[in-house]
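Structure record follows, encoded as C-alpha cells.
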Amino acid sequence: MIKRIAYILIIVCCIIVTVGFFRYNPTVIYAKKVPASAETVVYVNLREIEYNILLSFLKHPFSQLDFKKSSNTKEKKKITLLDEVEVPTNLFLYTNTRVFKDFFVSSPIIVKKNFINALKEEKFIAHNVSKTTVYSKGMISCVVKDNLLQVLFKKHKKAQISPELLSKLNQENYFSENDLIFKQIKNSKQPVVISTLKGDFFEFVVDKGSLRIQGELREENNLFKPFKATSVAGSILSVSGKLNTELIADGLSENLKEKFKKLTTLSLDSVTNKWNGVVEGNLTSFVEKSDTIVTYGYDDDFNKIEKKEIQNTIIPEVTLELQGSQLCNYLKEKEVIKSVKNEELLTLMPLFTTYSFCKGDGLKFTAKKNQKLTKDIDGNKKFYFLFNVVNYQEKDRGIYSFKNKYLDKVKTIQLSVTNNNQLDATVELQNTSKNVFLQMLD
Numbered sequence: 001m002i003k004r005i006a007y008i009l010i011i012v013c014c015i016i017v018t019v020g021f022f023r024y025n026p027t028v029i030y031a032k033k034v035p036a037s038a039e040t041v042v043y044v045n046l047r048e049i050e051y052n053i054l055l056s057f058l059k060h061p062f063s064q065l066d067f068k069k070s071s072n073t074k075e076k077k078k079i080t081l082l083d084e085v086e087v088p089t090n091l092f093l094y095t096n097t098r099v100f101k102d103f104f105v106s107s108p109i110i111v112k113k114n115f116i117n118a119l120k121e122e123k124f125i126a127h128n129v130s131k132t133t134v135y136s137k138g139m140i141s142c143v144v145k146d147n148l149l150q151v152l153f154k155k156h157k158k159a160q161i162s163p164e165l166l167s168k169l170n171q172e173n174y175f176s177e178n179d180l181i182f183k184q185i186k187n188s189k190q191p192v193v194i195s196t197l198k199g200d201f202f203e204f205v206v207d208k209g210s211l212r213i214q215g216e217l218r219e220e221n222n223l224f225k226p227f228k229a230t231s232v233a234g235s236i237l238s239v240s241g242k243l244n245t246e247l248i249a250d251g252l253s254e255n256l257k258e259k260f261k262k263l264t265t266l267s268l269d270s271v272t273n274k275w276n277g278v279v280e281g282n283l284t285s286f287v288e289k290s291d292t293i294v295t296y297g298y299d300d301d302f303n304k305i306e307k308k309e310i311q312n313t314i315i316p317e318v319t320l321e322l323q324g325s326q327l328c329n330y331l332k333e334k335e336v337i338k339s340v341k342n343e344e345l346l347t348l349m350p351l352f353t354t355y356s357f358c359k360g361d362g363l364k365f366t367a368k369k370n371q372k373l374t375k376d377i378d379g380n381k382k383f384y385f386l387f388n389v390v391n392y393q394e395k396d397r398g399i400y401s402f403k404n405k406y407l408d409k410v411k412t413i414q415l416s417v418t419n420n421n422q423l424d425a426t427v428e429l430q431n432t433s434k435n436v437f438l439q440m441l442d
C-alpha cells in the first residue's frame with residue numbers, strides 16, 4: 001500500500017514537472033509593453049515564480065502551508081483583486097528620470113468587469129487627474145482604461161501623478177523586441193531581472209532559503225569608487241567603501257535636508273561637500289553595565305535614608321571612520337565636536353559617550369576610548385556590507401532593539417562590489433524550507 005502511494009506521488013510529480021515545463025516557459029511578448037522613453041526596465045516572470053513555488057511545495061509540502069490561517073473562521077466571501085485580474089505570464093515595470101521619475105509603471109494588465117468594485121472593496125480611493133480617474137491606496141495607484149489596468153508604484157510617499165505622466169501611459173512609441181535593453185533580459189532565466197539603458201544589469205536568484213542579486217554596474221556614474229574594502233571578523237554590522245558623494249548629493253531631497261538640519265543643526269550639503277566618500281563602520285558587540293545609583297530621602301520622622309538603585313545600561317561597541325580634509329574642522333566650528341575634560345566628544349550621541357579623533361584627512365568616532373580593530377583587507381572588493389540580523393536580535397538590546405515582520409525572517413544581509421563592478425547581494429532567510437516568495441508575501 002505504501003509503495004503504491006509512493007508510486008502515485010512520483011507519477012503526479014513527474015506530470016506536474018512535465019506540464020510545468022511547457023506552462024512556465026511561455027513565449028514572451030515584448031510588443032507595446034515598454035515605452036521608448038523608459039531608462040530602467042524590471043522584468044518579472046510570474047510563471048517562473050509560480051513554478052518556483054510549486055517545486056518548493058513538492059520538496060517541502062507541509063512547510064508551505066499556514067495551518068493557523070487556514071483554521072481561522074472563514075470570512076464572508078468578497079470580490080478580490082486577483083479574482084478580477086487576468087494574471088499575465090510576465091510583467092514589465094519601467095521608469096525614467098523625467099516623466100516617470102517618481103514611479104515604477106507596469107505594462108498593461110487585462111482586468112474583468114468587476115475590477116473597479118474590487119478596488120472599492122479594498123478601499124482604494126478614487127480621484128480625478130486631468131479627466132482621468134485614478135484609484136489610490138498607500139504607495140499604489142491604479143489607472144483603468146476599458147479592460148486594461150496599469151499600476152503605478154510610488155518611489156516615495158510624496159510622489160504626485162501628473163497629467164503629463166498619464167498622457168505618456170498610452171503612447172505609440174515602444175521598444176521593439178530587438179532593442180538592446182531587452183538583450184540580457186531575453187537571455188536570463190531568473191524570475192526577476194533589471195536592465196537599464198546605461199548598461200546596469202541585475203538578476204534575482206532564488207537559492208533554497210536565500211535571495212541573491214547578481215549583476216554588473218556601469219562604469220560611468222558608479223556609486224562606488226575605487227577602494228580596498230575591509231572587514232572585521234565576527235562583526236554584527238560592518239560597512240566599508242568609498243562612495244560617490246556627487247551622486248549622493250544629487251539624490252538628496254529638500255525634505256531630507258530639512259529634517260537632517262533640524263536633527264543635527266548641520267547642513268547636509270556642507271557635510272557631503274567636505275566628505276570624500278570614505279566610510280568604514282563596525283558594530284562588534286554590545287556591553288552591558290550595571291551602575292549603582294545612590295539617592296537620599298526622608299522618612300516620616302525626617303530621618304535621612306539612603307536609597308540604592310541598580311541601573312542597567314547597554315552600550316554598543318561601535319566605530320565609524322570617515323575621510324575629508326575639511327570635515328573635522330567643519331564639525332568643530334558647528335560645535336558638533338566639543339572638547340570636554342581634555343577629550344574630544346561627539347555631541348550628537350546623547351545615548352552614550354562617543355569619542356572623536358581627528359588626524360590628517362581622517363575622522364574617527366568610537367564608543368570605547370581605546371578600541372582597536374583587526375581589519376582584513378580584500379583587494380578584490382571596493383565595497384562591503386554585512387548585517388548579521390540573527391546575531392543582533394538574539395538578545396534584548398534595550399533601546400537599540402527593533403522589530404520588523406520582514407527583518408525578523410532574515411538571517412544575514414550581505415552586499416559586495418568588486419573592482420570590475422560585479423555586484424553580489426544576498427538576503428539569507430532563517431526558514432530554508434519555505435519558498436522565498438511565499439515568505440515575502442506573508
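If you're matching positions, the sequence shown starts at 1 in the numbering used here and goes up one per residue.
Even glycine gets a Cβ: it sits at the ideal position worked out from N, Cα and C.
Every value quoted in this text rests on a predicted model; they were computed, and no experiment measured them.
The residues Val294, Thr295, Tyr296, Gly297, in chain order, have a CB closer than 8 Å to that of Lys307 in the same chain once the five nearest residues on each side in sequence are set aside. For Leu81 and Leu247, the gap between their C-alpha atoms comes out near 39 Å.
The stretch 332–392 is shown to contain whole beta strand (DSSP E) runs of 3 or more residues at 337–340, 343–346, 355–359, 362–366, 381–388, in chain order. With fewer than 16 other Cβ atoms from the protein chains shown falling within 10 Å of its own Cβ, Tyr406 counts as exposed. With a threshold of 16 other beta carbon atoms within 10 Å, Val192 meets it and is buried. In the three-state scheme derived from DSSP, where H, G and I count as helix and E and B as strand, Thr272 is classed as helix.
A direct Cα-Cα distance of roughly 21 Å separates Tyr330 from Gly281. When DSSP reads this structure, Thr196 sits in a beta bridge with Thr40. With respect to Leu93, Phe100 sits apart: the two C-beta atoms are not nearer than 7 Å. Put simply, the stretch 185–199 does not touch the stretch 415–424. Fewer than three CB pairs are less than 8 Å apart. According to the DSSP secondary-structure assignment, Arg212 is paired through a beta bridge with Val205, Thr426. At a Cβ-Cβ threshold of 7 Å, Pro108 and Ser130 do not count as neighbours. Assigned with DSSP and collapsed to three states, Ile399 falls in helix.
For the set Leu266, Asp300, Phe175, the Cα lying nearest the Cα of Leu348 is the one of Leu266. Ranking Thr353, Val390, Asn147, Gln414 by CA distance to the CA of Lys112 puts Asn147 first.
Beyond the five residues adjoining it in sequence on each side, Thr374 comes within less than 8 Å, by CB distance, of Val232, Ala233 in the same chain, given in chain order. Between Asp361 and Gln323, the CB-CB gap stays under 7 Å. Look at Leu93 here: in three-state DSSP terms it is strand. For Ile305, same chain residues with a beta-carbon under 8 Å away, outside a window of 5 residues either side, are Tyr296, Gly297, Tyr298, Asp299 in chain order.
Residue pairing by DSSP places His127 opposite Val134 in a beta bridge.
With distances taken between CA atoms, Leu237 lies nearest to Thr319 out of Gly251, Thr319, Ala159, Ile315. Selection Thr230, Leu91, Leu197, Phe204 evaluated against Arg218 yields Leu197 as nearest (Cα-Cα).
Less than 7 Å separates the beta-carbon of Glu428 from that of Ser210.
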